[in-house]
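All letters in the sequence shown, in the order written, are residues 156 to 494 by this note's numbering.
One structure is given here, and the rest of the page talks about it.
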Amino acid sequence: MYILRNAVEEDLDQILELSQLKVFINLPSDRKVLEAKIDNSLRSFKNPSSQLEDNLYVFVLEDIDTHRILGVSMIHGKHGTESEPHFYLTVSQENKYSESLNTGFIHGTLKFGYNPDGYTEIGGLILEPGHRGSPFKLGKALSYARFLYIAQHQEEFTDEIHVELMPPFDSNGNSPLWEAIGRKFLNMDYTEADVLSRKNKEFILSLFPTGTIYETLLPLSARDSIGKVGKETMPVKKMLESIGFQYTNEVDPFDGGPHYRAKKENISLLKQATEYELEFEDVRGKNADERKLFMVNMPHKDYQFYTTILSARPDGKKLFVPQRFQAQCPTNKGTGFNY
156 MYILRNAVEE
166 DLDQILELSQ
176 LKVFINLPSD
186 RKVLEAKIDN
196 SLRSFKNPSS
206 QLEDNLYVFV
216 LEDIDTHRIL
226 GVSMIHGKHG
236 TESEPHFYLT
246 VSQENKYSES
256 LNTGFIHGTL
266 KFGYNPDGYT
276 EIGGLILEPG
286 HRGSPFKLGK
296 ALSYARFLYI
306 AQHQEEFTDE
316 IHVELMPPFD
326 SNGNSPLWEA
336 IGRKFLNMDY
346 TEADVLSRKN
356 KEFILSLFPT
366 GTIYETLLPL
376 SARDSIGKVG
386 KETMPVKKML
396 ESIGFQYTNE
406 VDPFDGGPHY
416 RAKKENISLL
426 KQATEYELEF
436 EDVRGKNADE
446 RKLFMVNMPH
456 KDYQFYTTIL
466 SARPDGKKLF
476 VPQRFQAQCP
486 TNKGTGFNY
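The structure is reproduced here in structure tokens:
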């Protein structure tokens, strides 16, 4: 049995364990940083600031039978401000032609840019490897929980939702694009620069090349990583595209990972959120093929966001749910969607 809910202080140790599975700028393996994120998240859920950049929402996936935290995902109210701009490289092309030689070339180009008035960002998703491929589609549920919350609190977020995807890294865990560009201008390791950028972004604006970078001058491994995603991230890319996100022709200036965005009005999940009434039934002798996976957010006395994952037989705005799910449902009404 699984639920999705907002993170609380008691989750810190388990979230710290999860953060050690992979290097994420949004989920650093640093106890004090994670503690501050959870504190900010609790405040954001209870009393969101009108300054969207101050809000951070941390969601956890819990196995309620074992009380284990299996995954984490996040929403940052706004990524990109005057003091901390959103940085990117624009991916484009430039045509070169010589009449005297009657020949020409199309060059791929990169151009550094920044946005001081950015977007709501989703990120920080991580799921314990042993629970990938679950029949309950836990990775998908962990991602979709954020959209269910946005659907019910649209005023807390910008008109566009932004996401940055992880690119492929080489066999040593290095970013080919960083080795080709970033290291030459910043003289530090990728991870070191990534961690430093959490605290201070001034060095990026001051040291990063601002002129046109021709991809032709980069090693093949670097060129091949621009705008691409790693094998583990491919399902996330396909999921985002399926619900309305599009590649922006912008990439991360450090590693070349692609940036995707969608207007809230174009995100299919936000339109699908429906108020349901749950009716619990004895399913013995009934066709299991009629049941589908749903996630339903319900009021809960201890949490600002409490979503139960269940299989149900839909009938209009009513969900017929096996009795075994009743214990994890604090009420018989909620807002959700099929996933």
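A virtual CB, placed ideally from N, CA and C, is assigned to each residue, including glycine.
Bear in mind the structure is a predicted one, so any value in this text is a computation, not a measurement.
Contact under 9 Å by Cβ, residue i with residue j
i	j	result
MET229	ARG301	yes
ARG353	VAL246	no
PHE363	PHE400	no
PHE480	THR463	yes
LEU465	GLN478	no
ILE316	TYR274	yes
LEU332	VAL391	no
SER174	VAL227	yes
GLU432	LYS488	yes
VAL213	TYR458	no
TYR345	SER361	no
TYR494	PHE449	yes
GLN248	GLY232	no
ARG514	GLU217	Missing from the structure shown is residue 514; the chain here goes from 156 to 494 and no further.
ASN270	HIS241	yes
ASP407	PRO322	yes
THR365	PHE267	yes
LEU211	SER199	yes
ILE398	ILE359	no
GLY491	VAL451	yes
LEU303	LEU225	no
ALA348	LEU373	no
GLN309	LYS426	no
Terminal residues of the beta strand (DSSP E) in which residue i lies
i	result
GLY294	No beta strand (DSSP E) contains GLY294, which is instead part of the alpha helix (DSSP H) from 293-307.
PRO390	Careful: PRO390 lies outside any beta strand (DSSP E), inside the alpha helix (DSSP H) at 389-397.
PHE214	211-218
SER228	223-234
LEU176	Careful: LEU176 lies outside any beta strand (DSSP E) and carries neither H nor E.
ARG447	According to the sequence shown, residue 447 is Lys rather than Arg. Looking at the DSSP string, the run of the beta strand (DSSP E) that includes LYS447 is 447-452.
Option in the options with minimal Cα separation from residue i
i	options	result
SER376	SER423, PHE324, ASP344	PHE324
SER289	TYR157, TYR461, MET453	TYR157
TYR369	PHE358, LEU360, ILE381	ILE381
HIS495	HIS241, ASN181, VAL318, ARG287	This structure leaves residue 495 out entirely; the chain is present only between 156 and 494.
GLN371	LEU216, LEU197, LEU265, LYS177	A small correction: the amino acid at residue 371 is Thr; Gln does not occupy that position in the sequence shown. Per the Cα distances, LEU265.
GLU496	ASP209, GLN427, LEU465, LEU297	Any question about residue 496 goes unanswered here, given that the chain covers just 156 to 494.
THR486	HIS234, HIS231, MET453	MET453
GLU190	LEU167, SER205, LYS441	LEU167
ASP185	GLU430, VAL350, ILE219, GLY235	VAL350
ARG287	HIS455, GLU387, SER423, ASN329	GLU387
SER298	ILE261, LEU280, GLU254	LEU280
HIS234	ASP314, MET394, LEU256	ASP314
LEU197	PHE460, ALA467, LYS251, ASP470	PHE460
ILE261	TYR252, TYR269, PHE267	TYR252
ASP410	GLN309, LYS447, LEU244, ILE277	LEU244
GLU430	ASP470, GLU420, PHE267	ASP470
LEU559	ALA348, ILE170, LYS383, LEU211	With the chain running from 156 to 494 in the structure shown, residue 559 is simply not present.
ARG468	ALA443, PRO203, HIS455, ASP220	ALA443
MET394	ALA417, ARG378, LEU373, PRO374	ALA417
GLN307	THR367, PRO183, LYS456, ALA428	ALA428
GLU396	LEU424, LYS456, GLY294, GLU357	LEU424
LYS201	VAL476, LYS456, LEU474	LYS456
ASP272	GLU420, GLN206, GLU172, PRO374	GLN206
LYS356	PHE291, THR236, ARG378, ASN342	THR236
LYS177	GLU276, ASP220, GLY328, GLU254	GLY328
ARG223	SER255, ASN250, GLU172, ILE277	GLU172
ILE193	SER255, PRO203, GLU165, GLU405	GLU165
Residue span of the alpha helix (DSSP H) that contains residue i, given as start and end
i	result
ASN195	186-201
SER352	345-354
ILE336	Run containing ILE336: none; DSSP gives neither H nor E here.
LEU159	LEU159 -> not in any alpha helix (DSSP H); beta strand (DSSP E) instead, spanning 157-161.
Beta-ladder partner(s) of residue i, from DSSP
i	result
GLY285	Partner(s): none; GLY285 has no beta bridge.
ASP470	LYS473
LYS251	PHE260
GLU315	LYS418
GLY489	TYR431
TYR243	GLY268
GLY273	Answer is none; GLY273 lacks a bridge partner.
ILE464	MET450
GLY278	MET229
Task: alpha helix (DSSP H) runs wholly inside the region 362-442, at least 4 long, in chain order - done: 375-380, 389-397, 423-427
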